[in-house]
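Novice:
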Amino acid sequence: MKVLIWGGEARYRADLPHAVQSLPLELVFCPREQPLESMFPQHADTVFLFVDAIAPVDDALMDRMPGLRLIHSEGVAYNAIDLDAARRRSIFVCNNKGCNAAPTAEMAVMLMLMSLRFGIPGDRAVREGRQIRFKEGVMASGGPELGEHTVGLVGFGDIAQAVARRLRPFGCSLFYYAPHRRPPEVEAGFGISYLPLEALFARCDLISLHCAVTHETRGMVDAALLERVRPGTILINTARGDLLDNLAVRQALIEGRLGGAGFDVLSPEPTPADHPLVDLPPEVRDRVVYAPHLGGITSASFRRSHAWMWDSVRAMLEGGRPNNVVNGL
93 MKVLIWGGEA RYRADLPHAV QSLPLELVFC PREQPLESMF PQHADTVFLF
143 VDAIAPVDDA LMDRMPGLRL IHSEGVAYNA IDLDAARRRS IFVCNNKGCN
193 AAPTAEMAVM LMLMSLRFGI PGDRAVREGR QIRFKEGVMA SGGPELGEHT
243 VGLVGFGDIA QAVARRLRPF GCSLFYYAPH RRPPEVEAGF GISYLPLEAL
293 FARCDLISLH CAVTHETRGM VDAALLERVR PGTILINTAR GDLLDNLAVR
343 QALIEGRLGG AGFDVLSPEP TPADHPLVDL PPEVRDRVVY APHLGGITSA
393 SFRRSHAWMW DSVRAMLEGG RPNNVVNGL
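For the sequence shown, our numbering gives the first residue as 93, with consecutive numbering after it.
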């Protein structure tokens, strides 16, 4: 049976479990920068499709693979896959829920610290010979500590929970919003309290996004929500760029309602240099920290995700059900 992998061949082969090599599988690779459509009709007999977490797989593409039984995201996201089209065809869509929770949580905390502790302008000051002048400026104005902040987590899945665990030793006050409130014993275990979304934006001075992109959440951080924040609030996004109204966030940064931001994700990707949250006025640029969507990218997270993907293939070959089905089959 054919496995079509839309991603880096070297990465997949490096994490290929020994047990998989004995399975009756033909592996075909399509580089991520190459359109998947270019693989057809010669690979129309694909049974298992592995894709990057943000790779689009639509109804027309599924039509090219009449025998397709599984679409597996390499990561946690799957919002670019047409779930309804897959369900109509009885194609399982799966993700690797939890595989990158630890490293993405590390990235979120790093962006918080970089945003609060002058990571970008401080680095530049030292490189440009302005170390003492910059230090004296911070001493005069006062530098914040992470533990002094009231942190609001939007979403409370695997990654947000991993962030909460890492923040507790700092002494932050922790709040969260999720569509479904967790039981009291879960909240107590994390030392966190629930707030409705609007109240969380009004109360917290450091807000970190950890929710999926849905019809309800796309563009949720908009002008109306940002009107509620305290002046100087820090916004962190390691989830998905589509959660932001880019122009509204840009304006909030320019006006100072957002005192800073840390972005591991932006929309669209690839992100152009003239993106409204990248091409910022000079007085704003140093208050924004970027990472090129590396939050979940570690050797350990790839080992976990690839092992789980091959486990799903093996389960289906044996007549079983794959792991982490997300399209209701």
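Where is the CB? At the ideal position from N, CA and C, for every residue including glycine. No experiment lies behind these values; they were computed from the predicted model shown.
Which two residues bound the contiguous beta strand (DSSP E) that contains Val139?
Specialist: Element bounds for Val139: 138-143.
Novice: Look at Thr138 and Leu160 and say whether their C-beta atoms are less than 8 Å apart.
Specialist: A contact, by the Cβ cut-off of 8 Å.
Novice: Between which two residues does the alpha helix (DSSP H) holding His398 run?
Specialist: Element bounds for His398: 391-409.
Novice: What does a CB cutoff of less than 8 Å around Ile371 pick up in its chain, not counting 5 residues either side in sequence?
Specialist: Correcting the residue type first, residue 371 is Asp in the shown sequence and not Ile. Ala365.
Novice: Which residues mark the beginning and the end of the beta strand (DSSP E) in which Gly354 is found?
Specialist: 350-355 is the span of the beta strand (DSSP E), which, as asked, contains Gly354.
Novice: Can you give the Cα-Cα distance for Pro158 and Leu208, rounded to whole angstroms?
Specialist: Computed Cα separation, rounded: 52 Å.
Novice: Taking C-alpha atoms, which residue in Val120, Ala256, Val168, Leu128 lies nearest to Arg332?
Specialist: Closest option to Arg332, Cα to Cα, is Val168.
Novice: With distance defined between alpha-carbon atoms, name the residue in Arg124, Ala392, Ala217, Leu287 nearest to Leu266.
Specialist: Closest option to Leu266, Cα to Cα, is Leu287.
Novice: Is Glu290 helix, strand or coil by DSSP?
Specialist: Of the three classes helix, strand and coil, the one that applies to Glu290 here is helix, per DSSP.
Novice: Please classify Ile183: does DSSP put it in a helix, a strand, or coil?
Specialist: Here Ile183 sits in coil by DSSP.
Novice: In angstroms, rounded to a whole number, what distance separates the CA positions of Pro127 and Ala353?
Specialist: Their Cα atoms are separated by approximately 33 Å.
Novice: If you draw a straight line from the alpha carbon of Leu358 to that of Met204, how long is it in whole angstroms?
Specialist: Distance between the alpha carbons of Leu358 and Met204: 17 Å.
Novice: Using CA coordinates, which residue listed in Gly324, Leu421, Asn329, Phe140 is at the minimum distance from Leu409?
Specialist: Selected option, being the one with the closest Cα: Phe140.
Novice: Give a yes or no on whether the C-beta atoms belonging to Val341 and Leu327 are separated by under 8 Å.
Specialist: Against a cut-off of 8 Å, the Cβ pair of Leu327 and Val341 comes out as a contact.
Novice: My understanding is that Ala399 touches Pro109, with C-beta atoms under 8 Å, so please give their C-beta distance in whole angstroms.
Specialist: About 6 Å; that satisfies the 8 Å criterion.
Novice: Below 8 Å, how does it come out for the segment 169-178 and the segment 372-389: are there three or more Cβ pairs, yes or no?
Specialist: Result no; under three Cβ-Cβ pairs closer than 8 Å.
Novice: Around the C-beta of Gly247, are 16 or more other C-beta atoms found within 10 angstroms, so that it is buried, or is it exposed?
Specialist: It is buried - the Cβ of Gly247 has at least 16 other Cβ atoms within 10 Å.
Novice: Specify, as a first and last residue, the run of the alpha helix (DSSP H) that Ser165 falls within.
Specialist: Element bounds for Ser165: not the alpha helix (DSSP H) but the beta strand (DSSP E), 162-165.
Novice: With distances taken Cα to Cα, identify the nearest neighbour of Ala147 among Leu162, Ile389, Arg105, Trp98.
Specialist: Selected option, being the one with the closest Cα: Trp98.
Novice: Any contact of the segment 224-242 with the segment 274-285, i.e. 3+ C-beta pairs under 8 Å?
Specialist: No: fewer than three Cβ pairs fall under 8 Å.
Novice: Whole angstroms is fine: what's the gap from Ser391's alpha carbon to Tyr104's?
Specialist: Roughly 11 Å separates the two Cα atoms.
Novice: Could you give the DSSP three-state label for Ile328: helix, strand or coil?
Specialist: Strand.
Novice: By Cβ distance below 6 Å, which residues in the same chain neighbour Phe355 in space, the five residues on each side in sequence not counted?
Specialist: The residues are Asn329, Tyr382.
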